[in-house]
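**Student:** The structure follows.
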Amino acid sequence: MELDKIHLRGMRFVGYHGTRPEERSLGQQFVVDVTLFLDLQAAGRTDDLQQTVDYSQVHQRTRQIVEGEPLQLTEAVAERIAAAVLADHLRVQAVQVQVTKPWVRLEDTILDGSVVEIVRRRG
């Protein structure tokens with residue numbers, strides 16, 4: 001049976017992650033999408049928040065990570081978010097995290113963005 005999903009899309013935060021000095025001093029916007037994979041049947045039948053994940057908690061934890069300790073790699077930001085979701089929410093069986101760094105400058109080119117996407121499973 002395929003698991004149900006909760007999507008949190010377009011969470012925007014300012015962080016100081018990157019390998020370039022200006023990224024770490026000036027900061028920049030990061031856009032984070034998180035998909036939680038879990039069984040939502042009990043929550044749907046009972047209308048009980050205790051049977052699902054309070055995604056405001058996922059939002060808050062994601063904000064703490066993105067706005068927190070500066071990291072060099074977007075991959076590390078994504079990894080910390082995924083690990084936190086799995087540690088904080090035992091109902092979640094897997095999590096997909098996408099971290100976008102918009103408007104990336106590479107030499108004389110500006111990209112729409114660079115994106116890291118990971119999937120982590122419990123166990």
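Sequential numbering from 1 applies to the sequence shown in the UniProt record's numbering.
Each residue gets a CB set at the ideal place from its N, CA and C atoms; glycine is no exception.
Determine the closest residue to A78 out of L86, L40, P70 and I118, with distance taken between C-alpha atoms.
**Tutor:** Considering only alpha carbons, the answer is I118.
**Student:** Tell me which residue opens and which closes the alpha helix (DSSP H) that R20 is part of.
**Tutor:** No alpha helix (DSSP H) holds R20; DSSP gives it neither H nor E.
**Student:** Whole angstroms are fine: how far does the CA of T52 sit from the CA of V99?
**Tutor:** For V99 and T52, the distance between alpha carbons rounds to 24 angstroms.
**Student:** Would the beta-carbon of L8 fall within 8 angstroms of that of D47?
**Tutor:** No, the Cβ-Cβ distance between L8 and D47 is not below 8 angstroms.
**Student:** Suppose you measure from the CA of H59 to the CA of E75; what does that come to, to the nearest Å?
**Tutor:** Looking at the two C-alpha atoms, the distance is approximately 18 angstroms.
**Student:** Name the one or two DSSP bridge partners that Q28 has.
**Tutor:** In DSSP, Q28 forms a bridge with G15.
**Student:** Does DSSP classify residue 140 as helix, strand or coil?
**Tutor:** Residue coverage of the chain in this structure runs from 1 to 123, which leaves residue 140 outside it and unanswerable.
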